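*Asks:* This note's numbering applies: residue 16 is where the sequence shown begins, and numbers increase by one.
For each residue, glycine too, the CB sits at the ideal point set by N, CA and C.
Note that the structure is a prediction, hence the values are computed from the model and not measured.
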Amino acid sequence: MSRPGVRRVTWRALRARRRELAALCGWSLLESLPALLAGYLVARAVDDGFLAGRLLNGLAWLAVLAVAVLVGAAATGRTYRSLGAVVEPFRDEVAARVVRGALRDATRAGGRPDSAAVTRLTHQMEIVRDTFAGLLMVTRGFLFSAGAALLGLLALAPVAAALAAAPLLAGLGVFLAALPAMVTHQRAYVRAGEQLGQSAATALAGHRDVLSCGAQTRVTAEVARWVSAQATAERMLARMAAIRSLSLGVGGWLPLLVLMVTAPWLVERGLTPGAVLGALIYISTGLQPALHTLVQGLGGGGLRYAVTLENILRTYPVSDDQRPSGLAAQPPRSRPPTDRSPAVEVRGMTFRYGPHARPVLQNFSLTLADREHLAVVGPSGAGKSTLAALLAGLVPPQAGAVHLAGTPVAEVEPAVLARMRVLVPQEAYVFTGSLADNLRYLRPDADDHTLEDALDALGARPLATRLGGLGGPVAPALLSAGERQLIAAVRAWLAPAPLVILDEATCHLDPALEATVEGAFARRSGSLVVIAHRISSALRAGRVLVLDGDEPVLGTHEQLLARSATYRVLVGCWDDAVVPPQAASTRQG
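This is the structure:
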């Protein structure tokens, strides 16, 4: 993965919308018509009209200028419409980059949610959109307005044009020379603001722990450090404003001063009073405002655009060959599984919560064949849900590896991993929408007939009828925990993934409906791992894995009754009636 620069991404966005950009330039050309004609028409009105005693002739020249102003005003309205056609798609692309990058980082093995992603998606994203629009406007305004004014001035009075161009270029040079330092200070300001937000959010989220540990002074000092860093960066930005003022003074006001000082000399060399007035108009209404807009725009919004977009590109890099219309990187191809690859293979896996914590699993190995049904049981805290997360690739082990269909989970991108397994947790996720939308979440191409079959297979027909059928609305707050679990179970059953992991995903269902759901999954093509909530789940499984904090024990129900004291205790706690007499005597002995 590489990080395309701000220039490269911006240029790609502009190239992708050449037609919209051409329309913006066309309307900008019409908008600059008054800047091109103003000085010349005023000069003609003065010299050929008012000074010559021909009032109507002078008013006629001014009427032509009024028409040009009306044309320019109409074109200005069209420029903003063309501007939106360029800016809004670019904003959507960068927003998609932030969302995909945040989700990728949060869902990869060992990843964590990015606490600054919301800031980037809201505040920083709006900065990018607004400043990108402003950058386009000030740049095209300077090019067309200043260019038109210089052309008009050159046509009216070439000597005056030369006198005005020299300080204009000098002021522009001062600004461009200081621009890299401005970017550096703006970058420091943005990063200090982001670090301040993260530091403050962490302190507020853990304020109870901070108070209980007596760490107020340390946490306050950490937040204060970033407050000070942001204040320092903002002061430096204020100092950069002085350089912008200097460039404006040199490039914007000095040409006026030069022209006024040299006006007598110019008149002596044959320049008419009208031409002098026209030259002053070109400088005061064309060159000076264009330079002022460019300096303020680039020195303010342009810097914020460059630094903010750079921050987003640094945080969420993409491939070099990525197109602007699709900023999310395509997941790499994983190695195709062979026919002999087991559905799940765990090799020498060790996992602990912290470097000094007792291992939840140590040197653990497991092989699960295709279409095999495994139940995992054990007392609370034994590591059942941890094992489910490890098999699903949500957390990485400290040692060993998990292979799904012959592919190491650690080498698989989240998008590919999502097609290999489905994990259904105890707290089922449903969203506001229709029942069909919820069921199609993992299989968008499923038709209504397939959905109806799934509802019947998992015993969810009464719930679907109560909701009003497939088109019935689903309101998560109005559903019971069991109803949410049932919808999530049907959704997982429909998923094309060959491995399903149910982490106590049916604990809120009654025993009969739980049996129906697990039976449907057992008949489904693929493999099934059930973190058992009831002993009946273990009885339905082909093999049972017992986790008890010591050596895990794997076997059938009958084998475990003879080999595992923990399993016998669990069976007795769940239902004494299922324990054979010989096992009961063994337990009593």
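1) Whole angstroms are fine: how far does the CA of Ala321 sit from the CA of Val198?
2) Would you give the residue range spanned by the beta strand (DSSP E) that Met364 belongs to?
3) Hey, quick one: how far does the beta strand (DSSP E) through Val545 stretch, first residue to last?
4) Name the one or two DSSP bridge partners that Ala371 has.
5) If you follow the alpha helix (DSSP H) that Gly497 is in, where does it begin and where does it stop?
6) Between the beta-carbon of Ser214 and the beta-carbon of Val189, is there less than 7 angstroms?
7) Count the C-beta pairs between the segment 95-104 and the segment 306-314 that are closer than 8 angstroms, then say yes if the count reaches three, no if not.
8) Out of curiosity, what's the CA-to-CA distance linking Tyr204 and Ala248?
9) Beta-carbon separation of Leu466 and Leu478 under 7 angstroms?
10) Would DSSP call Thr235 helix, strand or coil?
11) If you run the structure through DSSP and keep just helix, strand and coil, what is Arg558?
12) Could you spell out the range, first to last residue, of the alpha helix (DSSP H) harbouring Ala193?
13) Quick check: the segment 438-447 against the segment 495-506, are at least 3 beta-carbon pairs closer than 8 angstroms?
14) Take every Cβ of the segment 542-551, pair it with every Cβ of the segment 377-391, and state whether three or more of those distances are shorter than 8 angstroms.
15) I need the DSSP call for Leu569, collapsed to helix, strand or coil.
16) Would you report the Cα separation of Ala278 and Ala89, rounded to the nearest angstrom?
17) Using a threshold of 7 angstroms, state whether the C-beta atoms of Val417 and Val375 are closer than that.
18) For Leu309, count neighbouring C-beta atoms within 10 Å of its own C-beta (all shown protein chains included) and say buried if the count is 16 or more, exposed if not.
19) Might you give, ordered along the chain, the residues of its own chain that have their beta carbon closer than 7 angstroms to the beta carbon of Val101, omitting 5 neighbours on each side?
20) From Leu560, Glu428, Gly54, pick the residue whose C-alpha is nearest to that of Ser400; which is it?
21) Residue range of the beta strand (DSSP E) that Ala414 falls in?
22) Would you identify the three-state DSSP class for Val427, choosing helix, strand or coil?
23) Quick one: what does DSSP say Ser380 is sitting in, helix, strand or coil?
24) Here's the rule: buried if 16 or more other CB atoms are within 10 angstroms of the residue's CB, otherwise exposed. What is Met275?
25) Alpha carbon to alpha carbon, what distance is there between Val21 and Gly162?
26) Can you tell me whether Asp518 is helix, strand or coil according to DSSP?
27) Candidates Pro513, Glu519, His523: which alpha carbon is nearest Leu494's?
28) According to DSSP, Ser449 sits in a beta bridge with which residue or residues?
*Replies:* Taking the structure as given:
1) 8 angstroms
2) 359-366
3) 542-546
4) A small fix is needed here, since residue 371 is His in this sequence, not Ala. DSSP output for His371 lists no bridge partner at all.
5) 496-509
6) no
7) no
8) 5 angstroms
9) no
10) helix
11) strand
12) 173-220
13) yes
14) yes
15) strand
16) 35 angstroms
17) no
18) buried
19) Arg32, Glu35, Leu36, Leu39, Leu151
20) Leu560
21) 414-419
22) coil
23) strand
24) exposed
25) 26 angstroms
26) strand
27) His523
28) Pro488
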